[in-house]
Each structure stands twice: as C-alpha cells, then as structure tokens.
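Chemist:
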Amino acid sequence: MPHYTIHLAGGVVRNPLVRLARPVSLDFMDGEHIAIVGPNGAGKSLLVDMLTGKYPLYEGELSYDFSPSASKAVYDNIKYIAFRDTYGSADANYYYQQRWNAHDQDDAPVVRDLLGTIKDDALKQQLFDLFRIEPMLEKKIILLSSGELRKFQLTKTLLTSPRILIMDNPFIGLDAATRDLLFQLLDELTRLASLQIVLVLSMLDDIPSFITHVVPVSNRTVGPKMTRAEYLKAFREQDTAQSFDELQQRILNYPYEHANYDSAEVVRLNKVSIRYGDRTILKDLDWTVMRGQKWALSGENGAGKSTLLSLVCADNPQSYACDISLFGRKRGSGESIWEIKKHIGYVSPEMHRAYLKNLPAIEIVASGLHDSIGLYKRPKEEQMSVCEWWMDIFGIAALKDRPFLQLSSGEQRLALLARAFVKDPELLILDEPLHGLDTYNRRRVKKVIEAFCQRRDKTLIMVTHYENELPATITHRLHLERH
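Taken in order, the sequence shown gives residues 138 to 620; the numbers are from the numbering used here.
1. Between the C-alpha atoms of Glu374 and Asp167, what's the straight-line distance to the nearest angstrom?
2. For Pro272 and Arg287, what's the separation of their Cα atoms in angstroms?
3. Between the beta-carbon of Leu564 and the beta-carbon of Ile461, is there less than 8 Å?
4. Going by the beta-carbon positions, is the gap between Met528 and Ala555 smaller than 8 Å?
5. Is it right to say Lys362 is buried, meaning 16 or more other beta carbons lie within 10 angstroms of its own, or is it exposed?
6. Nearest by alpha-carbon distance to Ser298: which of Ala458, Ile279, Asp538 and Leu329 is it?
7. Do the stretch 436-450 and the stretch 413-427 meet, that is, are 3 or more Cβ pairs less than 8 Å apart?
8. If you reduce the DSSP assignment to three classes, tell me which class Ile559 lands in.
9. Taking C-beta to C-beta, are Leu145 and Gly197 nearer than 8 Å?
10. My understanding is that Asp561 touches His395, with C-beta atoms under 8 Å, so please give their C-beta distance in whole angstroms.
11. Could you check how far apart the C-beta atoms of Ala552 and Ala588 are, in whole angstroms? I think they sit under 8 Å.
12. What first and last residue would you give for the alpha helix (DSSP H) that runs through Thr349?
13. Going by other Cβ atoms of all chains shown within 10 Å of its Cβ, with 16 needed for buried, is Ser226 buried or exposed?
14. Across which residues does DSSP place Tyr201 in a beta bridge pair?
15. For Tyr141, which of Lys584, Ile301 and Phe347 has the nearest alpha-carbon?
16. For the alpha helix (DSSP H) containing Asn214, list its first residue and its last residue.
17. What residues are listed by DSSP as bridge partners for Ile173?
18. Can you name the start and end residues of the alpha helix (DSSP H) that Glu165 belongs to?
19. Where does Gln386 land, buried or exposed, given buried means 16+ other C-beta within 10 angstroms?
20. Touch check for the stretch 169-182 and the stretch 345-359: three-plus C-beta pairs under 8 Å?
21. Given 8 Å as the limit, is there contact between the stretch 596-614 and the stretch 427-437, that is, 3 or more CB pairs closer than that?
22. Comparing alpha-carbon positions, which option in Trp526, His602, Ala535 and Ser206 lies nearest Tyr391?
23. For a test of the three-state rule: what should DSSP assign to Asp266, helix, strand or coil?
24. Cα separation between Phe464 and Val155?
25. Under the DSSP definition of a beta bridge, which residues are partnered with Ser206?
26. Out of Val600, Val409, Ser456 and Ser546, which one is the CA nearest neighbour of Arg490?
27. Measure the beta-carbon distance from Tyr201 to Val149 and round it to whole angstroms, keeping in mind my assumption that it falls under 8 Å.
28. Which whole-angstrom value is the C-beta distance of Ile173 and Val337, which I expect to be below 8 Å?
29. Assuming Val155 is part of the alpha helix (DSSP H), what are its boundary residues?
30. Which same chain residues, not among the five before or five after Ser208, have their C-beta less than 8 Å away from its C-beta?
31. Whose C-beta lies closer than 6 Å to the C-beta of Leu542 among residues of the same chain, with five residues either side of it excluded?
32. Compare the Cα-Cα distances from Ser204 to each of Pro160, Met138 and Leu267 and report the closest residue.
33. Pop quiz: Met187 and Val211 are said to be a contact at Cβ under 8 Å. What is the actual Cβ separation, rounded to whole angstroms?
34. Reducing DSSP to helix, strand and coil, say where Gly532 ends up.
35. Output the distance between the C-alpha atoms of Leu279 and Leu369, rounded to the nearest integer angstrom.
36. Short of 6 Å in beta carbon distance, which residues of its chain neighbour Asp342, apart from the five on each side in sequence? Order them along the chain.
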C-alpha cells in the first residue's frame, strides 16, 4: 500500500500575510513526483512554505511519513532549493558589481569549502561529472556565473540524500546542454525508490515527463492534484492566444523626448581580454554594434556573457583598462559614466540578486531614471506618471505601492524590466529578461521587446538560453566559447 509522505488537511497558516485564500487539503503519496504550477504571484511559494512547516498552522493538520528514512526530522528529509540567484547566507553582504571587483572578494569562500565533507563517493562522482564541478572547486563562490551557481546549489543539496527534494524553477538560467543533463539526472533520480521530487514551475506549458502529478495554484488558491496528462489537456484547452496588438501600438506611439547620440557606432570593443587570476574569460574580443542593430548573445554557462555586458555597462572595473568605445566616444575620454548610462537600459540576474531594497515597486522602477539601486532623487510628478505607464505596459500597475520584497520573484523581474525601459533608452541590454516569468508574461514581455525594437534608432543586445524567447527583430548574433 503506498503511504503519504506529506499529509495536509484543512491547513490555514497563522500569519494572515502569508495565508492562502482557502484552507488547503493535499496529500503527496510515496512514488509520486509532483509539479506545483501557476502564474507569477499565484502563491506557489506560500504553498511550499506551508508544506515544509515554515509557518505554524492556525487550523488543520500537517503530518509526514518519511519512511524508509531513518530520521523523522523535516530538516533532514525535505530540502528546498529556491534558485533566486542567490549566493546563500553571504547574500546580505552582496552588492551589485561585487562579482567584477576583485579586491572585494577576499573574504568570499571557495566552492570546495562550501561543499563540506562528502560521505557518498559514488554519488559525488556522478554529480561532479554531470555538473563539471571539478574546475569550479577552487573558485570563489562569488565569481560563479548564475548557471554555475545553480549547478553548485544542486550538487550541494543532492549530496545530503534528501527524502523529498523541492526545486523552484530548476531549469531557468541553464544553457541547453546543461538543461538536458539536469533533466536526465532528475529523471534518473526519480527511479531511486526513496527520493520524491517536487518542482515549482512558472512555465505552465513545460512539465517534464518524469512528473506524475500536477498541483495547480492561482490567485492564492490551491486546485486539486491531477495527473500530468489531465493537467496538460486542461491547460491546452484553456490556453488561448492573447492579442498584444494594442499594447504594441501604445509602445510605437510613445513620444520621443530624449536627445539621442548621433553616432552610427553604439559599442566597439577592440581586442578586449578579461582575466580573473589564471582564468581567461574573454580573449582578444573584437565586436562592433551599430546603431539600430538587434544582437542575440549566446554561449554556455560561464562563457563570459554577463562579463561582456558588465563591460559595456561600465559596471566592471576592468572596463577602464580595455579599449572600449560607447556611442562613438572612447571610454575614459572625459565623459562621465552617468552620462553614458543615461542612454542604456539594463536588466540581468546579477541586478535582480542585488535588489534587496524594500521600497514600493514604483520607486524601484523610478530608480532607473537615474541608474541608482535605491531611489536617491525624488522624481518629478510627470516622471512618476512615466513609471506608472511602463508598469502598466508590463501588467504590474496594480502593484505600484507594494513593497518590492513582498512581490513574487516573477513580479520583481517585471518591475526590473519596467525600470530598464523607463527612460526609453537608446541601447537596451537584456540579460535573460524572461527568467522565471510564467507562460503569459513571457509572451507579453517578448511582444513588448519586439515593439520597442521597432522604435526609431533602438539598439538591442539580448542574452537567453531559449531560442524561442528571442524577438523576431534579431538581426545579428555573437556566440561566446568557454576558454
């Protein structure tokens, strides 16, 4: 007889701020592998917090049966990786640009130390081979790319041999080859009799084949558990293609207010090399981006994509030692970095990681007007209405007064996108902009990017690991290889 691993009956948490709309009754049975799916802000993380006992219950009961595990403790048996692009407990001290500042990395631990003592040598070898951990062992944790960081977190967690492994959006931020490898690994792990896998997914249309059951969540309400086949059939029946024509027209009609540079050349890198210690990230790179071009930047995790963008945005101190011109002006020829940044809109996983400011969402968007992480200058009233306009374009106008850290990670990403667009930039740099967005919002944001690219003299550089996320307007490609 299969037994339950988690049994929740009529559960209501005590704290009203993290309470779901209705009492929850849900059983996870031994042998089931479950996906908790729902749009951004639906309440998926609140459900996970409830199932793992993070918040005490006000009503209902929560019980576990972890057999055949020797331990009965939740801590030993349930491991939750929330993949919010974090560096773990060191995160509170992490600041944007720290990854590029070598002299601020002295205190950061290396990967080997954080993995600790490993008991299961066979599992260790399998994971090290799968995720190419060996070359990362002596690297400072803070120097890992977001994809490498994910591989490290997975390895560290899987080495503890949990009974239930809960992963929040494990596939985002990974290049295609690593996604396939992770899929194969999870597929293999589901065959281990004593491991139950639970995935928390925003991509409603992409449920891995090893998942047996789906729990849909929307509007803070948990739906009944159903088989994967039942869920996919229901999703396809309800999934209607929305028209974004009106939204795109609003962007095309948006007035041009800013004085643009008149340079035909937007970015020029001349024989640019970047090294950290004995590791070469970029080697003798020549790259020119002309005004109006739309570039797709690709390469596997750790190939140097984010480093390259940090040079263009002047967030990387090594950019001053390199031969780089922006908008036809050579770096260091007298123009302040703030003058240049005024013409660039930028969003990236690094930036998302550094945004630990609990300001109202509209102030986060407004900080894009002056390229600050917090809001140091009070925007004028007409500027605030521009912020509201862009929040409406990204579908988050109703969240403008909500504190940023109380938004779901998908809603935070939408606010940071609005921040990148708010000054109608000449050069738009998007590093994995659709990271963690649900199916509807991925479609919406892609249409916003396409419409923006049709505005006069706009230049785009975009990084994504998913070919289908690229806007139809792409004209050029640059692929980086790992050194």
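We put the beta carbon where it would ideally sit given N, CA and C, even for glycine.
Modeler: Per the coordinate set shown:
1. Within the sequence shown, the letter at position 237 stands for residue 374. Within the sequence shown, the letter at position 30 stands for residue 167. Roughly 30 Å separates the two Cα atoms.
2. Counted from its first residue, the sequence shown places residue 272 at position 135. Counted from its first residue, the sequence shown places residue 287 at position 150. Pro272 and Arg287 have their C-alpha atoms spaced approximately 15 Å apart.
3. On the sequence shown, position 427 is the one that residue 564 refers to. On the sequence shown, position 324 is the one that residue 461 refers to. Taking 8 Å as the Cβ cut-off, Leu564 and Ile461 do not qualify as a contacting pair.
4. For the purposes of this step, residue 528 is taken as the residue at position 391 of the sequence shown. For the purposes of this step, residue 555 is taken as the residue at position 418 of the sequence shown. A distance below 8 Å separates the beta carbons of Met528 and Ala555.
5. Within the sequence shown, residue 362 is the residue found at index 225, counting from 1. The residue is buried, with at least 16 neighbouring Cβ atoms inside 10 Å.
6. In the sequence shown, the residue the question calls residue 298 occupies position 161. Among Ala458, Ile279, Asp538 and Leu329, the Cα nearest to that of Ser298 is on Leu329.
7. Touching, per the Cβ criterion.
8. Walking along the sequence shown from the start, residue 559 turns up at place 422. In the sequence as displayed, the identity of residue 559 is Val instead of Ile. Correct three-state label for Val559: coil.
9. Position 8 of the sequence shown holds residue 145. Position 60 of the sequence shown holds residue 197. Result yes, Cβ atoms of Leu145 and Gly197 sit closer than 8 Å.
10. By 1-based counting over the sequence shown, the position of residue 561 is 424. By 1-based counting over the sequence shown, the position of residue 395 is 258. 6 Å between Cβ atoms; contact.
11. Taking the first residue of the sequence shown as 1, we reach residue 552 at position 415. Taking the first residue of the sequence shown as 1, we reach residue 588 at position 451. So it is not a contact: roughly 19 Å between Cβ atoms.
12. Taking the first residue of the sequence shown as position 1, residue 349 is located at position 212. It is not in any alpha helix (DSSP H) - Thr349 carries neither H nor E in the DSSP assignment.
13. Here residue 226 is taken as the residue at index 89 of the sequence shown, counted from 1. Its pLDDT being 35, under 50, Ser226 is placed unreliably in this model, and the coordinates cannot settle the point.
14. Your numbering for residue 201 matches position 64 in the sequence shown. Paired residue(s): Ile143.
15. Here residue 141 corresponds to residue number 4 of the sequence shown, with the count starting at 1. Nearest option by C-alpha distance: Ile301.
16. The residue you call residue 214 lines up with position 77 of the sequence shown. Note, Asn214: alpha helix (DSSP H), Val211 to Asn214.
17. Working through the sequence shown from its first residue, we reach residue 173 at position 36. Note: Ile173 sits in a beta bridge opposite Val337 and Val352.
18. The residue labelled residue 165 in the question sits at position 28 within the sequence shown. According to the sequence displayed, residue 165 carries Phe and not Glu. Per DSSP, Phe165 lies in no alpha helix (DSSP H) segment; the continuous beta strand (DSSP E) that holds it begins and ends at Val161 to Met166.
19. Position 249 of the sequence shown holds residue 386. Looking at its Cβ environment, which holds fewer than 16 other Cβ atoms inside 10 Å, Gln386 is exposed.
20. Yes: at least three Cβ pairs fall under 8 Å.
21. The stretch 596-614 is in contact with the stretch 427-437.
22. Here residue 391 is taken as the residue at index 254 of the sequence shown, counted from 1. Checked all of Trp526, His602, Ala535 and Ser206; the closest Cα to Tyr391 is Trp526.
23. As a working note, residue 266 is residue 129 in the sequence shown. Residue state, collapsed to three classes: helix.
24. Here the question's residue 464 lines up with position 327 in the sequence shown. Here the question's residue 155 lines up with position 18 in the sequence shown. Cα-Cα distance, rounded: 47 Å.
25. Along the sequence shown, read from residue 1 onward, the residue named residue 206 stands at position 69. The partner list for Ser206 (beta bridge, DSSP) is empty, contrary to what the question assumes.
26. For the purposes of this step, residue 490 is taken as residue 353 along the sequence shown, with counting starting at 1. That would be Ser546, whose Cα lies nearest to the Cα of Arg490.
27. To locate residue 201, count along the sequence shown from 1; it is residue 64. To locate residue 149, count along the sequence shown from 1; it is residue 12. 18 Å between Cβ atoms; not a contact.
28. Taking the first residue of the sequence shown as 1, we reach residue 173 at position 36. Taking the first residue of the sequence shown as 1, we reach residue 337 at position 200. For a cut-off of 8 Å, the C-beta gap from Ile173 to Val337 is around 5 Å, short enough to register as a contact.
29. To locate residue 155, count along the sequence shown from 1; it is residue 18. Note, Val155: premise wrong, no alpha helix (DSSP H); not H, not E.
30. The count along the sequence shown starts at 1 and reaches residue 208 at position 71. Contacts found: Asn214.
31. Sequence index remark: in the sequence shown, residue 542 carries index 405 (1-based). Asn495.
32. To locate residue 204, count along the sequence shown from 1; it is residue 67. The candidate whose alpha carbon is nearest that of Ser204 is Met138.
33. Along the sequence shown, one-based indexing puts residue 187 at 50. Along the sequence shown, one-based indexing puts residue 211 at 74. Met187 to Val211, Cβ: 12 Å. No contact.
34. On the sequence shown, residue 532 is found 395 positions in, with the first residue counted as 1. When secondary structure is reduced to three states using DSSP, Gly532 falls in the coil class, being assigned neither helix nor strand.
35. Position 142 of the sequence shown, counted from the first residue, corresponds to residue 279. Position 232 of the sequence shown, counted from the first residue, corresponds to residue 369. Note that residue 279 is Ile in the sequence shown, not Leu. For Ile279 and Leu369, the distance between alpha carbons rounds to 39 Å.
36. If you number the sequence shown from 1, residue 342 lands on position 205. Cβ within range, chain order: Thr576.
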